[in-house]
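There are 2 protein chains.
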Amino acid sequence: MSEERRILLAHGNGGRLMRELIEQVFARHLGNPLLDTRADAVTLALPESEIVFTTDGFTVQPLEFPGGDIGSLAVHGTVNDLAVAGATPLYLALNAFIEEGFEIERLERIVASLARAAREAGVQVVAGDTKVVPRGEGGGIYLATTGVGRRTHQRRLGMDRIAPRDCILLSGPIGDHGIAVLLARGEFGLSGDLRSDAACVLPFAQALLALPGLRFMRDPTRGGLATVAHEIAQATGLEVSLNEPSIPVRDTVRAACDMLGYDPMYLASEGRVVAVVAPQDADAALAAWRALPGGATAALIGEAVRGPARVVLRTELGGERLLEELEDDPLPRIC
Amino acid sequence: MSEERRILLAHGNGGRLMRELIEQVFARHLGNPLLDTRADAVTLALPESEIVFTTDGFTVQPLEFPGGDIGSLAVHGTVNDLAVAGATPLYLALNAFIEEGFEIERLERIVASLARAAREAGVQVVAGDTKVVPRGEGGGIYLATTGVGRRTHQRRLGMDRIAPRDCILLSGPIGDHGIAVLLARGEFGLSGDLRSDAACVLPFAQALLALPGLRFMRDPTRGGLATVAHEIAQATGLEVSLNEPSIPVRDTVRAACDMLGYDPMYLASEGRVVAVVAPQDADAALAAWRALPGGATAALIGEAVRGPARVVLRTELGGERLLEELEDDPLPRIC
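This is the structure in structure tokens:
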């Protein structure tokens, strides 16, 4: 890697340069006993016979932002999908599409950050592939991660388990990720010390698994809280009634939204959980979340009620606002 | 999908357009009982406790070529990695990075082809994600697939099991895929009726699994047969001695290579298997392959011998040529 400091097309051709890139950048940071960069496939011994499987792609711009980068995000996004499904994340496969000319030093930073996030989440990257695309294509780097987890939760979670009067809980403030990425672009001449909330939500998900009334969990990423609420309404035929004053939103996020015309309800978070629990378990769930680091502002934000399948936001002044399904993309490329 | 015939950025935002795209294009073609487009993760019940896991990215240009397209290739590439590892492919996760402005009709063709290849290989697409990147980025569409298979083979396969005198077998002609894709680009004013060999190699891999002397299998994709031979030499410390006249190469491929200065040894195949077997099992392996459709030209092409770790090609006239590790990319974007 010494002589070339930028990615060449030949780094993707299956030959020496590609082998060196994989050994010196990817395997050096991601190494673990299962990762064999010369193997076509890896054998995983799983103690149970049910696995949980998920995949996600990442095209965030800028690639690095306060509180994270595309590498850590690619771990958190997939690990969190397993966590909210009630699984324990174990293994990741990583795909990288790298643009010719990309700085190898920057690639190193991103891979090191990805490796750190994987260690913190307790997952191992056990398979991977890189492709190099010509200069001008590829936006620097795109990543895709696919996760395998062990199903540890006996009761099935799902939107179809949601019943009228079930409570909707949120683990922390919404929209930090969306606005932090937006500010990092510097397009609007705004700046601030807001950091993305991107993080592993496994502690939040696992804190609720013992509750018999746990129905469903999801992380409100692309499309935000409003989109999760719409998915629940559509799947259940229930009205999702949200109480606006209860929904935690940081002042910085609210101020940026006011200035730029965004609605925090549609902005992505990357380290929050929306949970639906039976009414009798709501207090226990909130107490469990508030006891966790970063969980102080966890809140009961609404409930599912009989009525037409729609999402209603009840405002501070007693008004009601229908939250429509997302149409235009408020903030592209935030994950 | 009626009013918009091209991909918009909003098709990637998590809202209505994305939901419709996923339902009407991806889920319509790929639908199966396990695929829930609204779920974060899928639970897979596997009869055994060992799974085999692999991933691959696809950036082929052009996206459609004689004998295949990026969709079928994304199935074959990953299914074949599981097959040569001695596993039975079961499930795929699919990531799509789609460029804004991409024709939805073309996306449909690609997804339909992917679905057909998956059905033929007996795998189900059970998880997926789409991202839309701005016009000018993304080369139309990139795909990544991650596969899960069941380990059915009791004996472990691996390059470390290869011993001196072991035989190297090849299941069919090399380089068809590389040259078919090259000709499809139309850059050189050449054309021909050569089709890519891209196909599921599961029947070829499974035909050898009963042989006690089976050591190792691999599909010679990026970097071609020469690169597989180099990986064997490096991993074993043995010389890989290949007999050039025994290596099947189609006349069209040889003619194109002669005209354009390519070496078929480095060109990608996407439907061939290289196998290393103990000498006493070579005849049985060849007979099994030749009995399969498309296996008539399967051949014993060389052996592993004591000596420095290198790859030697013995030519028709009794000469020797050292095959170097691939440096320059002869044909970028062929997978």
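Chains as they are written, first to last, in the numbering used here: chain A, 1 to 335; chain B, 1001 to 1335.
Yeah, the Cβ is synthetic: ideal placement off N, Cα and C, and Gly gets one too.
Owing to the predicted nature of the structure, the values given are computational and were not obtained by experimental measurement.
Tell me whether residue i sits in a helix, a strand or coil according to DSSP, three-state version.
i       : result
L1157/B : coil
P245/A  : helix
I1301/B : strand
N80/A   : helix
R109/A  : helix
I174/A  : coil
L292/A  : coil
E325/A  : coil
L30/A   : helix
E1239/B : strand
G14/A   : coil
C257/A  : helix
L190/A  : coil
G224/A  : helix
L331/A  : coil
A1268/B : coil
Straight-line CA distance for residue i to residue j?
i       : j       : result
T315/A  : V274/A  : 20 Å
E1187/B : G140/A  : 27 Å
T1152/B : V1084/B : 12 Å
A1121/B : G1271/B : 12 Å
G15/A   : A268/A  : 40 Å
D1069/B : C257/A  : 43 Å
L1008/B : V1133/B : 9 Å
L1260/B : A1226/B : 18 Å
E3/A    : L17/A   : With a pLDDT of 47 at E3/A, under the threshold of 50, the modelled position of this residue cannot be trusted; read the value that follows with caution. If you take the alpha carbons of E3/A and L17/A, they lie about 11 Å apart.
S191/A  : I232/A  : 35 Å
A118/A  : V201/A  : 13 Å
G355/A  : V181/A  : Because chain A in this structure spans residues 1 to 335, residue 355/A falls outside the shown range and cannot be described.
S1246/B : G1158/B : 24 Å
R6/A    : G101/A  : 5 Å
G1302/B : L1242/B : 4 Å
Y1266/B : V1312/B : 14 Å
I1098/B : V1111/B : 12 Å
E320/A  : D328/A  : 22 Å
G223/A  : A87/A   : 23 Å
Q1154/B : L1114/B : 31 Å
R254/A  : V60/A   : 22 Å
G1384/B : R135/A  : One cannot answer for residue 1384/B here, as it falls past the ends of chain B, which runs 1001 to 1335.
Which chain A residues sit within Cβ distance under 8 Å of residue i?
i       : result
E1050/B : T43, L44, A45 and L46
V1276/B : The contacting residues do not exist; V1276/B stays about 14 Å from chain A at best.
Y1262/B : Under the 8 Å cutoff, chain A gives no residues; its nearest Cβ is about 13 Å from Y1262/B.
Kindly list, in the order they appear in chain D, the residues whose Cβ is closer than 7 Å to that of residue i.
i       : result
T1146/B : In the structure shown, chain D cannot be found, because the protein chains are A and B.
What does residue i pair with, by DSSP beta-bridge criteria?
i      : result
A87/A  : R151/A
E64/A  : D69/A
E320/A : R314/A
R6/A   : E103/A
T55/A  : T146/A
M217/A : A275/A
N95/A  : D129/A and A144/A
T43/A  : V1052/B
Q124/A : Y91/A
I168/A : V276/A and G302/A
Which chain B residues sit within Cβ distance under 7 Å of residue i?
i      : result
A87/A  : A1041
E137/A : E1137, G1138 and G1139
T376/A : An answer regarding residue 376/A cannot be provided, because it is not within the stretch 1 to 335 covered by chain A.
T59/A  : F1097, K1131 and V1133
P203/A : Here the premise fails: no neighbours, minimum Cβ distance about 17 Å.
Note down, in chain order, every chain A residue with its Cβ under 9 Å from the Cβ of residue i.
i       : result
R1038/B : M159, E231, Q234 and A235
E1325/B : G15, R16 and R19
V1126/B : F53
G1223/B : N13, G14, G15 and M18
Taking Cβ-Cβ distances shorter than 8 Å, what residues in chain B pair up with residue i?
i      : result
R151/A : T1043
P332/A : L1009, G1012, N1013, V1132 and P1134
Taking contact to mean at least 3 C-beta pairs separated by less than 8 Å, is the region 125-138 of chain A in contact with the region 1044-1060 of chain B?
yes
Does the structure place the region 280-297 of chain A close enough to the region 203-210 of chain A that three or more beta carbon pairs sit under 8 Å?
With a cut-off of 8 Å, the region 280-297 of chain A and the region 203-210 of chain A count as touching, because enough Cβ pairs lie within range.
Counting pairs of beta carbons, one from the region 161-178 of chain A and one from the region 1082-1097 of chain B, are three or more of them closer than 8 Å?
no
At least 3 beta-carbon pairs within less than 8 Å: the region 1171-1179 of chain B vs the region 1104-1115 of chain B:
no
If contact is defined by three or more beta carbon pairs under 8 Å, each pair taking one atom from either stretch, is the region 141-150 of chain A in contact with the region 20-30 of chain A?
no
Are there three or more Cβ pairs, one per stretch, closer than 8 Å when the region 153-163 of chain A is compared with the region 25-41 of chain A?
Judged by Cβ distances under 8 Å, the region 153-163 of chain A makes no contact with the region 25-41 of chain A, as fewer than three pairs qualify.
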